[in-house]
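Each remark here refers to the structure printed beneath this line.
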Amino acid sequence: MTTSTLGAPPRSALGRVVDRVGGGVVQAAMVLIGVFWLVPTLGLFVVSIRDETANNSTGWWTVFTKPAELTLKSYGDLLATGFTASFWNTVLITVPTTVLVIGIAAMAAYAFAWMDFPGRDGLFLVVVGLLVVPIQIALIPIAQLYGKIGIFGSIAGVVLFHVAFGLPFAIFLLRNFFAGIPASLLEAARMDGAGEWRIFSTVVFPLAKPAIASLGIFQFLWVWNDLLVALVFANTENQPMTKALQSQMRQFGTNIDILAPGAFLSLIIPLALFFAFQRYFVQGMMAGSVK
């Protein structure tokens, strides 16, 4: 039997060297890109723990030769402005919004993918059509509605707005993922006497963890970093960090001692979340790309 019938011919010594060098170059390039990607975060952190005079006179990289410039005074000044309350307001807005969007979208996506009811396809087209509706055109009408029902300026109003505009994309994403689940799994569960809720909670939902994790990361980051909705619907008492930082910039101009630590605190939570769930994020992005 010839070598060609057994598979590809063996690589030459030169070919193996090229493969190894090429793989090492790619890995080195990826590491270099990662380092460059983290440089702005490192710079922001260093600026947030440097003295005001040092920040105004020299670049942040000089701290490696002058470590005496490091201080936590900026964080103390930030907390003195009431930033802690804004941080918890951001948590109270972001976490319920993310949970509600995932929960409602998952149930709706299962219904669109595997339940037969009148008008299913037409209703799903309406959901898809809502993806192109910009947030800006709904700000004034919803603000008027919130004023009439008494929730304008509250955290609940901000959460409801984000949930409403987060659901179309979430339903569209999860429905396409649920539709790719083998029908034999669901039929086997039905033959065992499982109802729709049990099939959803014990079969479909666990299989969709990568897609749900990806959706959760996207939704969390979107709401956490939002400024437009917060400016319109959140009053001073319920303002999140983005609005608090924006108000500090308007009040103090370029006061780096307040803005730098505040920006770093608002950045570190999403960054930690992404690194903690990056495995699920990659799985969710790759889901459905291969059979």
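According to the numbering used here, the sequence shown is numbered sequentially starting from 1004.
The C-beta atom is built at its ideal place from N, Cα and C for all residues, glycine as well.
Tell me whether residue i sits in a helix, a strand or coil according to DSSP, three-state version.
i, result
"Ala-1031", "helix"
"Ala-1237", "strand"
"Gly-1169", "helix"
"Leu-1230", "coil"
"Gly-1156", "strand"
If you follow the alpha helix (DSSP H) that residue i is in, where does it begin and where does it stop?
i, result
"Met-1110", "1086-1117"
"Pro-1264", "1259-1279"
"Trp-1200", "1199-1202"
"Lys-1076", "1076-1083"
"Val-1130", "1123-1132"
"Leu-1188", "1186-1194"
"Thr-1056", "1055-1060"
Using only CA atoms, which one of the options lies nearest to residue i?
i, options, result
"Leu-1142", "Val-1029, Ala-1266, Ile-1271, Phe-1236", "Phe-1236"
"Ala-1057", "Asp-1260, Phe-1277, Phe-1267, Ala-1275", "Asp-1260"
"Arg-1193", "Gly-1183, Val-1206, Pro-1137", "Val-1206"
"Pro-1043", "Gly-1062, Val-1028, Met-1033", "Gly-1062"
"Ile-1107", "Ile-1152, Leu-1189, Leu-1163", "Leu-1163"
"Phe-1180", "Lys-1212, Tyr-1149, Val-1161", "Lys-1212"
"Gly-1169", "Asn-1238, Pro-1137, Leu-1189", "Pro-1137"
"Gln-1251", "Gly-1085, Asp-1119, Phe-1278, Leu-1095", "Gly-1085"
Work out the CA separation of residue j and residue i for me, nearest whole Å.
i, j, result
"Asp-1054", "Gln-1242", "28 Å"
"Ile-1158", "Gln-1030", "45 Å"
"His-1165", "Ala-1263", "27 Å"
"Ser-1060", "Pro-1070", "15 Å"
"Lys-1294", "Ser-1217", "Only weak support exists for where Lys-1294 lies, its pLDDT of 40 falling under 50; the value from the coordinates is given anyway. Between Lys-1294 and Ser-1217, the C-alpha separation is close to 19 Å."
"Ala-1109", "Leu-1210", "12 Å"
"Ala-1173", "Gly-1265", "30 Å"
"Phe-1267", "Thr-1100", "23 Å"
"Ala-1214", "Gly-1196", "27 Å"
"Val-1135", "Phe-1175", "12 Å"
"Arg-1123", "Ala-1182", "14 Å"
"Gly-1153", "Lys-1076", "40 Å"
"Tyr-1113", "Arg-1201", "12 Å"
So residue i and residue j are supposed to be a Cβ contact under 8 Å. How far apart are they, rounded?
i, j, result
"Met-1244", "Phe-1067", "At roughly 29 Å, the Cβ-Cβ gap does not stay under 8 Å, so Met-1244 and Phe-1067 are not in contact."
"Gln-1249", "Leu-1230", "6 Å"
"Asn-1238", "Gly-1156", "4 Å"
Taking 7 Å as the cut-off, is the C-beta of residue i nearer than that to any heavy atom in the ligand GDP?
i, result
"Val-1166", "Looking at this structure, you won't find the ligand GDP or any other ligand, since it has none at all."
Please report whether the beta-carbon of residue i lies at a distance below 8 Å from any beta-carbon of chain D.
i, result
"Glu-1055", "The structure shown has no chain D; it contains just one protein chain."
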